[in-house]
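If you use mature numbering (1 follows the signal peptide of the UniProt record, and there is no 0), the sequence shown corresponds to residues -17 to -1, 1 to 211, in order. For each residue, glycine too, the CB sits at the ideal point set by N, CA and C.
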Amino acid sequence: MIGILFVTLTLTAGALGCGNPAYPPLLTRVVGGEDARPFSWPWQVSLTYNYNDGWYHTCGGTLIAPNWVMTAAHCISSSRTYMVFLGKFNLVAYEEGAIGISPQKIIVHEGWNPSDVAGGNDIALIKLYQSVSTTNQIQPACLPPANSILASNTVCYVTGWGRLRSKCPSRSLVTLSPSVLTHPWEWTGIRWCFFLGPLNSQIKGGSDQGFGSAPAAEMVFAFSLPNA
């Protein structure tokens, strides 16, 4: 069972602030996905877990504050030890400027029920042991005001290290773009556009694109770029 969580984050300009990448993403029309421009989505993090003294990617996440990361509740297991990697593009390569930070606290939405995924609330917050400084590779995303509603035809870009169709999971960050919301979504704690199945079961934007065959616990985020 695969959960794909869509979180729309408005990108606004601001020197050393949120949502203003030092390396602007390549906003081309892509069908099926392509490698993202390195470090052009600096709020994207890799949530990893420890196994046999190694760290393995399990989910994506978004840096929303210097010491807070948002991810999906279904990515969290009380039996695992986690590490959050920031400033990454290629998960298996050494990249100067990338860092790994242990969680100080993980908060899973109290309404999350893994036996009722359709009920929503598939959200978790990770408080990092230390705050991160803004760099060219690491930067928080911008959050919209509370109760914001996304209009129909809002253009979103999907990023993650998921699997594209029958291919193996990508080692490099991948972008699927553009995707258009087919109807408005409320920005509330109980409606986070969670759904099961292929990407194009809820949105449209190019033919037959999706992470539908991604491995369990893989996830991606959609970032709203209304001015693109």
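Taking DSSP's pairing of strands, which residues face residue i in a bridge?
{"i": "residue 40", "result": "31"}
{"i": "residue 115", "result": "Partner(s): none; residue 115 has no beta bridge."}
{"i": "residue 94", "result": "DSSP output for residue 94 lists no bridge partner at all."}
{"i": "residue 68", "result": "29, 83"}
Looking only at C-alpha atoms, which of the options sits nearest to residue i?
{"i": "residue 86", "options": "64, 94, 78, 74", "result": "64"}
{"i": "residue 123", "options": "102, 69, 99, 79", "result": "69"}
{"i": "residue 34", "options": "66, 57, 20, 3", "result": "66"}
{"i": "residue 110", "options": "20, 43, 42, 47", "result": "47"}
{"i": "residue 99", "options": "117, 56, 112, 42", "result": "56"}
{"i": "residue 88", "options": "133, 134, 127, 61", "result": "61"}
{"i": "residue 105", "options": "20, 79, 58, 1", "result": "58"}
{"i": "residue 2", "options": "133, 134, 129, 121", "result": "121"}
Can you name, in chain order, every residue of its own chain whose Cβ lies under 7 Å from the Cβ of residue i, other than the five neighbours on each side?
{"i": "residue 74", "result": "29, 40, 144, 154"}
Given that a residue counts as buried once 16 or more other Cβ atoms are within 10 Å of its Cβ, and exposed if not, what is residue i?
{"i": "residue 36", "result": "exposed"}
{"i": "residue 7", "result": "exposed"}
{"i": "residue 71", "result": "buried"}
{"i": "residue 119", "result": "exposed"}
{"i": "residue 81", "result": "buried"}
{"i": "residue 102", "result": "exposed"}
Can you list, in chain order, the residues of its chain whose CB lies under 6 Å from that of residue i, leaving out five sequence neighbours each side?
{"i": "residue 49", "result": "114, 115"}
{"i": "residue 38", "result": "31, 66"}
{"i": "residue 4", "result": "23, 25"}
{"i": "residue 52", "result": "28, 44, 46, 67, 109"}
Do residue i and residue j have their C-beta atoms closer together than 8 Å?
{"i": "residue 27", "j": "residue 54", "result": "no"}
{"i": "residue 90", "j": "residue 107", "result": "yes"}
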